[in-house]
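Protein sequences, first through last, are from chains A and B. Note that our numbering gives residue 359 to position 367 of the first sequence, counting from 1, and the numbers run on in steps of one. Note that our numbering gives residue 409 to position 279 of the second sequence, counting from 1, and the numbers run on in steps of one. Yeah, the Cβ is synthetic: ideal placement off N, Cα and C, and Gly gets one too. Bear in mind the structure is a predicted one, so any value in this text is a computation, not a measurement.
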Amino acid sequence: MSDTPAIELRDVIKRFGETPAVDRVSLQIGDGEFFSLLGPSGCGKTTTLRMIAGFEYPSSGEMLIHGRSMATIPPHRRPVNTVFQSYALFPHMSVEQNVAFGLQMQRLPKQEIAPRVSEALELVRLGHLAQRRPNQLSGGQQQRVALARALVNQPEVLLLDEPLGALDQKLRKEMQLELKSLQHRVGITFIFVTHDQEEALTMSDRIAVMNQGKVLQVGSPTEIYERPTCRFVADFIGETNFIDGEVVESDGGYSSIVTPDGLRLRGLAPRTLPAGSAATLSIRPEKLRLTTLEQAGPEQVAALPVSVELVSYIGSDTRITVRLNEQRTLDVWEQNRRSTLDRNAYWQPGEQALLFCPPDNALVLAE
Amino acid sequence: MSQTANRVTTPAIERGRLTWSGVSLSLHAVLIYLFLYLPILVLIIFSFTRDAFGVRWTGFTLDWYVRLFNDERLMGASVNTLLVASVSTLVSTILGTLMAMAMERYQFRGREGVEALIYLPVVVPEIVMAVALLAFSALVFDLINALTGQVLRRNLTTVTIAHIAFNMSFVVVVVRTSLRHFDRRLEEAAADLGADSWQTFWRVTFPLILPGIIGGALMAFTLSLDDFVISLFLSGPGTSLLPVEVYSRVRRAITPEINAISTLMLLLSITLVLLSQLLQRRR
Chain A
-7 MSDTPAIELR
3 DVIKRFGETP
13 AVDRVSLQIG
23 DGEFFSLLGP
33 SGCGKTTTLR
43 MIAGFEYPSS
53 GEMLIHGRSM
63 ATIPPHRRPV
73 NTVFQSYALF
83 PHMSVEQNVA
93 FGLQMQRLPK
103 QEIAPRVSEA
113 LELVRLGHLA
123 QRRPNQLSGG
133 QQQRVALARA
143 LVNQPEVLLL
153 DEPLGALDQK
163 LRKEMQLELK
173 SLQHRVGITF
183 IFVTHDQEEA
193 LTMSDRIAVM
203 NQGKVLQVGS
213 PTEIYERPTC
223 RFVADFIGET
233 NFIDGEVVES
243 DGGYSSIVTP
253 DGLRLRGLAP
263 RTLPAGSAAT
273 LSIRPEKLRL
283 TTLEQAGPEQ
293 VAALPVSVEL
303 VSYIGSDTRI
313 TVRLNEQRTL
323 DVWEQNRRST
333 LDRNAYWQPG
343 EQALLFCPPD
353 NALVLAE
Chain B
131 MSQTANRVTT
141 PAIERGRLTW
151 SGVSLSLHAV
161 LIYLFLYLPI
171 LVLIIFSFTR
181 DAFGVRWTGF
191 TLDWYVRLFN
201 DERLMGASVN
211 TLLVASVSTL
221 VSTILGTLMA
231 MAMERYQFRG
241 REGVEALIYL
251 PVVVPEIVMA
261 VALLAFSALV
271 FDLINALTGQ
281 VLRRNLTTVT
291 IAHIAFNMSF
301 VVVVVRTSLR
311 HFDRRLEEAA
321 ADLGADSWQT
331 FWRVTFPLIL
341 PGIIGGALMA
351 FTLSLDDFVI
361 SLFLSGPGTS
371 LLPVEVYSRV
381 RRAITPEINA
391 ISTLMLLLSI
401 TLVLLSQLLQ
411 RRR
């Protein structure tokens, strides 16, 4: 089984009327992987998940689970289980009956169901609430019941549709870690749909970033964040500065661009870009370096003279907006590594400074 | 109870402080309830009077109830009514529920038309329904006569079919409301957990819309119990139903016997309502 992917999508298209909701998506998701589908609402991530669950059928393309085609398999005969965004717990059943439902559908003997149900409830630490009705539980508890109800069936793949969306911030963070460790323990493939990029980065082994029905990039959290291959991904994941310009030179994996206001900047180019083509240089705020005029030492890179415009102290970081010229400002984040109350240790608006944009920290992306 | 606690927890009327608005509001409520229930109360009381005309209180007796159970015509009519109500309720509830499911779940051509037509019997005057059903049954009987030579007459079956026809609309209305509040994602969840559509219906959909179905059935049963016009038109000679029988007796004179049977019908209705509420509270 290790060679065949847990889930494979080949050129899957799903149309609702004229517009494709999912547009030629091909994915391979490995056994035991924590895989996230990440994108803004309406990007097709939920439709993709619903096709894997069997609630929707592809308009064209193929879908396989462990090498088995799902073209004609209805949801109740697929080896997957879903944790719904709304949890969809059965309100007329107790927690225990909810969790037992799947096993009863498999017609397992009673004496086998009972221990597995209590085991699943222990797994999500809800053993003491087995007799409650869903409406007597908090949001977080309902979420864990939904998880237990799916996991008890030992599916080949667990599908999670924004399961943390309805929880408050603190509970969300707790559940993120809990889900991640749970996945380690049970070793089941998780496919996790979310629009929250931080959530996806925290939990996933790999992420597929989607927009307008298409998968734009698939990669590890580090790859997605550090080496986005297009402007949308760079913009959607984390924050970044975009500097539009024209390619003037490409060599050895780097490209240089020149902007209309006369800046010349260099950065890594994931794809070789021909001179003269339009391109965007993307550099994340924490990867820019700001120094005072006096500190400037011998640098490999040209320094850009800037003036500090806005300074926001947010505790762990200081976020600075610097102005390069009339038209252009950039965001720079500095970590506050030293604990001090000395005002002079922090940037002040109006200060003159030098900005460094190291080519290895910047990416030149095609428009 | 201390005065402070009192002031915090209870509004003016309950506290018994005499304010103009409090008094008039309470009086209003009392009058409304008297208006609604006084006639019924009088009816119940006079079902126990010794007075043979049932309009004066001359002492307590259970004679009328005893006589009632010995009155073969009245008992026969009661049995007929219960039979017609039960069968028409059962059939109209099943058909109405299926119809409501179809209208709520499926998009099909002419759905708006079907919807409008199913609600028509609710608003059409009953006398029109009765005449229409009578004319239709005559037509069908003539047709059967012409085709097979058999001579059919109106009987309990025709009344039952007529009751099904108007009850179904009411069931559809009530069941659709509960279907509209039903979260269809629960059905997806059931399918996801391995339930086929049959299991999904019986384990998830049905228990959750059951209060609506019970409500619809109860309504159908009650409507059927006290239906007069359609029952009068559609039941054949010799197959009298209770409301019709009661009416024909009242034309001669109101007797405490009639009061007694009415009280029993009332008791049945109240029992049914309480039972359905009890069933619905359990879930």
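Pick out the complete beta strand (DSSP E) segments inside the stretch 275 to 351 of chain A, 3 residues or longer, and give them in chain order.
Segments of the beta strand (DSSP E) lying fully in the stretch 275 to 351 of chain A: 281 to 283, 295 to 305, 309 to 315, 321 to 327 and 344 to 348.
Mind checking if B/A215 is an interface residue toward chain A, Cβ cutoff 7 Å exclusive?
Judged by the 7 Å Cβ criterion, B/A215 is not in contact with chain A.
Below 8 Å on the Cβ atoms is my contact criterion, and I expect B/E318 with B/A207 to pass it. Report the Cβ-Cβ distance as a whole number of Å.
Not confirmed; about 50 Å, so no contact.
Does any residue of chain A have a CB that is nearer than 7 Å to the CB of B/P386?
So, not an interface residue.
Which of the three DSSP states is assigned to B/F351 in this structure?
DSSP places B/F351 in helix when its eight states are reduced to three.
In its own chain, which residues sit with a C-beta less than 6 Å from the C-beta of B/S406, not counting the 5 before and 5 after it?
Around B/S406: I344 and L348.
Kindly list, in the order they appear in chain B, the residues whose Cβ is closer than 8 Å to that of A/P297.
Near A/P297 there are no residues of chain B at all, since even the closest Cβ is about 58 Å away, more than 8 Å.
Following the continuous beta strand (DSSP E) through A/I21, name the residue where it begins and the one where it ends.
Start and end: T11 to I21.
Which bits of chain B does A/N73 rub up against, with CB to CB less than 8 Å?
The answer, in chain order, is D322 and L323.
Decide yes or no for the touch test of the stretch 48 to 55 of chain A against the stretch 269 to 285 of chain B: beta carbon pairs closer than 8 Å, at least 3 of them.
Judged by Cβ distances under 8 Å, the stretch 48 to 55 of chain A makes no contact with the stretch 269 to 285 of chain B, as fewer than three pairs qualify.
For A/Y49, which of helix, strand or coil comes out of DSSP?
Reduced to three states, the DSSP call for A/Y49 is coil.
Contact check, B/A230 vs B/L340 under 8 Å by CB: the rounded distance?
Contact flag wrong, Cβ pair sits at about 13 Å.
Mind reading off the beta-carbon distance from A/A271 to A/A354? Whole number of angstroms is fine, and I expect it under 8 Å.
Not quite, the Cβ-Cβ distance comes to about 11 Å (not below 8 Å), so this is no contact.
Where do the N-terminal and C-terminal ends of the beta strand (DSSP E) with A/M62 fall, by residue?
Element bounds for A/M62: n/a, residue is neither H nor E.
Please list the residues of the stretch 38 to 70 of chain A that have a C-beta atom closer than 9 Å to any C-beta atom in chain B, keeping them in chain order.
Under the 9 Å Cβ criterion, the stretch 38 to 70 of chain A contributes R42, A45, G46, F47, P66, P67, H68, R69 and R70.
Measure the C-alpha to C-alpha separation of A/E241 and A/I235 and round it to an integer number of angstroms.
About 16 Å.
Quick check on this structure: which residue in A/R60, A/F182, A/A200 and A/F76 has the alpha carbon closest to the alpha carbon of A/R70?
Nearest of A/R60, A/F182, A/A200 and A/F76 to A/R70, Cα basis: A/R60.
Figure out for me which residue from A/K37, A/R258, A/L129 and A/E326 has the closest Cα to the Cα of A/V239.
Answer by Cα proximity: A/R258.
Grab the span of the beta strand (DSSP E) containing A/E148 for me, first residue to last.
First-last for A/E148: undefined, no H or E at that position.
If contacts are defined as beta-carbon pairs under 8 Å, then B/L323 and A/N145 qualify, I think. What distance do you get, rounded to the angstrom?
Right, their Cβ atoms sit about 7 Å apart.
I'd like to know whether the C-beta of A/M97 is nearer than 7 Å to at least one C-beta of chain B.
So yes, A/M97 belongs to the interface.
Which runs of the alpha helix (DSSP H) spanning at least 4 residues fall entirely within the stretch 153 to 207 of chain B, listed in chain order?
Fully enclosed alpha helix (DSSP H) runs of 4 or longer: 193 to 200.
Identify whether A/I235 lies in helix, strand or coil by the three-state DSSP scheme.
Three-state result, A/I235: strand.
Counting along the chain, where does the alpha helix (DSSP H) carrying B/I274 start and finish?
It spans E256 to T278 - the alpha helix (DSSP H) in which B/I274 sits, taken as one unbroken run.
What separation, rounded to the nearest whole angstrom, lies between the Cα atoms of A/E318 and A/K6?
Near 47 Å, if we compare the C-alpha coordinates of A/K6 and A/E318.
Give me the residue from B/V403, B/Y195, B/A260 and B/V303 with the minimum Cα distance to B/I391.
The shortest Cα separation from B/I391 among B/V403, B/Y195, B/A260 and B/V303 belongs to B/Y195.
Within its chain, find whatever has a CB closer than 7 Å to the CB of B/R197; leave out the 5 residues flanking it on each side and keep chain order.
Closer than 7 Å at Cβ, skipping near neighbours: E387.
Listing by chain order, which chain A residues have their CB less than 9 Å from the CB of B/P337?
Here the neighbours are F82, H84 and M85.
Going by DSSP in three states, A/I27 sits in which element: helix, strand or coil?
It should be noted that the sequence gives Phe, not Ile, for residue 27 of chain A. The answer is strand: DSSP assigns A/F27 an E or B state.
Is it right to say B/N389 is buried, meaning 16 or more other beta carbons lie within 10 angstroms of its own, or is it exposed?
Burial call: buried.
What are the partner residues of A/I247, as DSSP defines its beta bridges?
Inspection of the sequence shows that residue 247 of chain A is occupied by Ser rather than by Ile. According to DSSP, which records beta bridges pairwise, A/S247 is partnered with A/S242 and A/G259.
Using C-beta distances below 6 Å, list every residue in its chain close to B/L372, excluding the 5 sequence neighbours before and after it, in chain order.
Result list for B/L372: A207, S208 and T211, in chain order.
Less than 8 Å between C-beta atoms, sequence neighbours within five positions excluded: which residues of the same chain meet that for A/S299?
Same-chain partners within the cutoff: V314, R315, G342, E343, Q344 and A345.
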